[in-house]
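For reference, the structure is listed below as structure tokens.
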């Protein structure tokens, strides 16, 4: 919202009215549909068609070069995240370089409604990052009960895909936890405002607080993506979470 406000303020300058092409404002942040709609409405306050807002999202991992099947040493193409966009305006229609940018990004227009792209992102992340938050609580509790090895064994035997997902997602999470706090709050807002779920049915406020504990109440919060020392296994994540919980209890006792 802060950036949108600055753009709106800049558009009130006399020089902006001299533009012969509209300004396209593409927001790709992890935001709720309501926030996307609010930004769109803000930018249209006194600009008519001067600023064209596009609701966008990034779903998936960062771009990476893919190796050629016949020779893994040869990198031939990019693996790109999904970049859905929505609203009455399309990035490809932006004059000068919009079509080129849309092609480079692999943008896909999914709806004429503001909020569709951001809502898709929120629904997707609810299952992926939301699952990781649940796994953190489950593994930490099992560790504190002394049954984490048994939990791992049972998952591997009876729900192997859950086992694989938990053990892959938890170690990747620590350097990102501080950013996911706000994202979980936005998911919660989406499920309430657009999904119709009421306060007593809300679960993502708790997951947001779980990531807040990871980021600011445990040694996991010190981890950086480029340099990792702890939390590189699901078991170690559970250990450090437990230590953080113990320190928190000592402060309140």
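In our numbering, the protein residues as written are 5 to 257. Where is the CB? At the ideal position from N, CA and C, for every residue including glycine.
I'd like the list of long-range same chain contacts for residue i, defined as Cβ closer than 7 Å, with 5 residues on each side in sequence excluded.
| i | result |
| --- | --- |
| residue 147 | 242, 243 and 246 |
| residue 215 | 137, 181, 184, 185 and 188 |
| residue 235 | 175, 178, 224, 227, 241 and 244 |
| residue 92 | 116 |
Just verifying my parser: in three-state terms, what is the DSSP assignment at residue i?
| i | result |
| --- | --- |
| residue 178 | helix |
| residue 70 | strand |
| residue 60 | strand |
| residue 186 | helix |
| residue 37 | helix |
| residue 93 | coil |
| residue 81 | strand |
| residue 172 | helix |
| residue 101 | coil |
| residue 196 | helix |
| residue 115 | strand |
| residue 257 | coil |
| residue 86 | strand |
| residue 55 | strand |
Using 9 Å as the threshold, is the C-beta distance between residue i and residue j below it?
| i | j | result |
| --- | --- | --- |
| residue 20 | residue 54 | yes |
| residue 113 | residue 124 | no |
| residue 155 | residue 173 | no |
| residue 59 | residue 40 | yes |
| residue 249 | residue 144 | yes |
| residue 84 | residue 119 | no |
Excluding the 5 residues preceding and the 5 following residue i in the sequence, name in chain order all residues of the same chain whose CB lies nearer than 6 Å to its CB.
| i | result |
| --- | --- |
| residue 189 | 212 |
| residue 133 | 184 |
| residue 201 | 195 |
Looking only at its own chain, which residues have a Cβ that is under 8 Å from the Cβ of residue i, when we skip the five neighbours before and after it?
| i | result |
| --- | --- |
| residue 82 | 67, 68, 69 and 70 |
Return the chain-ordered ranges of every alpha helix (DSSP H) run that is complete within the region 118–168 and spans a minimum of 4 residues.
-> Qualifying alpha helix (DSSP H) stretches, in chain order: 120–149 and 152–162.
Give a yes or no on contact between the region 95–114 and the region 15–32, applying the rule of three or more CB pairs nearer than 8 Å.
-> Look at the beta carbons and you see the region 95–114 touching the region 15–32: at least three pairs across the two are nearer than 8 Å.
Touching or not, the region 7–20 and the region 162–181, by the rule of three or more beta carbon pairs under 8 Å?
-> Output reads no: the region 162–181 does not touch the region 7–20.
Cβ contact (3+ pairs, closer than 8 Å) linking the region 212–224 and the region 173–185 | Between the region 212–224 and the region 173–185, the count of C-beta pairs closer than 8 Å reaches three or more; the two stretches touch.
At 3 residues or longer, and completely inside the region 215–252: list those beta strand (DSSP E) runs for me, N to C.
-> The qualifying runs do not exist here; there are none.
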